[in-house]
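These notes concern the structure reproduced below.
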Amino acid sequence: MLFWILSAIAVSCALGVILSRNPVTSVMFLILTFFAISGHYILMNAQFLAIVNIIVYAGAIMVLFLFVIMLMNLNADVEPQKGQLVQLAGVISGGVLFLVVLAAIKTAAPQPIEKTSTDIGLITNLGKVLFTKYVLPFEISSVLFLSAMIGAVVIGKKEEIPNIQRGE
Amino acid sequence: MRRNAIIIFMCIELMLNAVNLLLVAFSKIYADADAQLFVFFIMVVAAAEVAVGLAIIVMMYRKVHSVDINILNRLKH
Chain E
6 MLFWILSAIA
16 VSCALGVILS
26 RNPVTSVMFL
36 ILTFFAISGH
46 YILMNAQFLA
56 IVNIIVYAGA
66 IMVLFLFVIM
76 LMNLNADVEP
86 QKGQLVQLAG
96 VISGGVLFLV
106 VLAAIKTAAP
116 QPIEKTSTDI
126 GLITNLGKVL
136 FTKYVLPFEI
146 SSVLFLSAMI
156 GAVVIGKKEE
166 IPNIQRGE
Chain L
3 MRRNAIIIFM
13 CIELMLNAVN
23 LLLVAFSKIY
33 ADADAQLFVF
43 FIMVVAAAEV
53 AVGLAIIVMM
63 YRKVHSVDIN
73 ILNRLKH
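As given, the protein sequences belong to chains E and L, one line each in that order.
The numbers in the first sequence follow this note's numbering, run straight up by one, and end at 173.
The numbers in the second sequence follow this note's numbering, run straight up by one, and end at 79.
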């Protein structure tokens, strides 16, 4: 029951991200979507990922988005409507893709969930696997963060206007 | 269909979250912890990509004063 409520919230907020006019409203809908998806993670017994999702996505990335949107002072923009035929074609192709994915999932028929262990999502077990089996990607991701930070600062730096000496 | 570069960025984040949800569901079915760690790394990459991408958008906005992708598309000319 809770699954259907969370799914309805997630899907409707995701649609709200795409269809809303104001960019700030889109960000708010996206934050609600992240909360709904974190609720799904908790339902699937992945507590660490749920909390990390909220902290990283809804806490840091969306705040960054809001800062950039406020910096640019975007109003609700007026989109030129593409032709009705193109919109209808888009809806039909999206619906067909959805039907194909649904049929593939029904044909695949996943095996029933064995109740092997319910504490995979606990942070101790995840940490054990992370620091033994995936230690190299973990260290490389720290280098990735460092390079992303340096790149963002270098890209965002204001260029100083050089004093052009005209040689007079 | 949306012209705003920031909205497109948010839709990319939405797609990454959809993949995360799928991976966590698979981790639940097959009782494997590796999928949840992969989700963790996807979040790492998404955070780094948001930082760099927003820096690029802010720099473009300083030059062109618009975030319309049709305008940003013509930068190569």
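Just so it is clear, CB atoms sit at the ideal spot from N, CA and C, and this is done for glycine as well.
Contact of residue 17 of chain L with chain E is not assigned, every C-beta pair being separated by 8 Å or more.
Neighbourhood of residue 31 of chain E in chain L, by CB distance below 7 Å: 9 and 12, in chain order.
Contact note: residue 146 of chain E reaches chain L through 43 and 46, using a C-beta cutoff of 7 Å and chain order.
Contact annotation: residue 35 of chain E and residue 8 of chain E have beta-carbon atoms that are not nearer than 8 Å. Excluding residues up to 5 positions away in sequence, 15 and 58 lie with their Cβ nearer than 7 Å to the Cβ of residue 42 of chain E in the same chain. Rounded to the nearest whole angstrom, the CA to CA distance from residue 24 of chain L to residue 74 of chain L is 33 Å.
The CB of residue 49 of chain E comes closer than 7 Å to the CB of 26, 27 and 30 in chain L, given here in chain order. With distances taken between CA atoms, residue 38 of chain L lies nearest to E:135 out of E:135, E:67, E:149 and E:29. Note on residue 113 of chain E: under 16 other CB atoms within 10 angstroms of its CB, so exposed under the neighbour-count rule. Scanning L:47, L:63, L:45 and L:4 for the CA closest to the CA of residue 163 of chain E turns up L:63. Rounded to whole angstroms, residue 103 of chain E and residue 24 of chain E show a C-alpha spacing of 19 Å.
Taking a cut-off of 8 Å on C-beta distances, the stretch 60-78 of chain E touches the stretch 44-60 of chain L, as three or more cross pairs fall below it. For residue 70 of chain L, the beta-bridge partners assigned by DSSP are L:6.
Only residues of its own chain outside the window of five on either side were considered, and among them 41, 44 and 45 have a CB closer than 8 Å to the CB of residue 22 of chain L, listed in chain order.
If you draw a straight line from the Cα of residue 20 of chain E to the Cα of residue 94 of chain E, it is about 18 Å long. The C-beta of residue 72 of chain E has fewer than 16 other C-beta atoms within 10 Å across all chains shown, which makes the residue exposed. Chain-order list of chain E residues neighbouring residue 58 of chain L: 160, by C-beta distance under 8 Å.
Around the beta carbon of residue 22 of chain E, 16 or more other beta carbons lie within 10 angstroms, which makes this residue buried.
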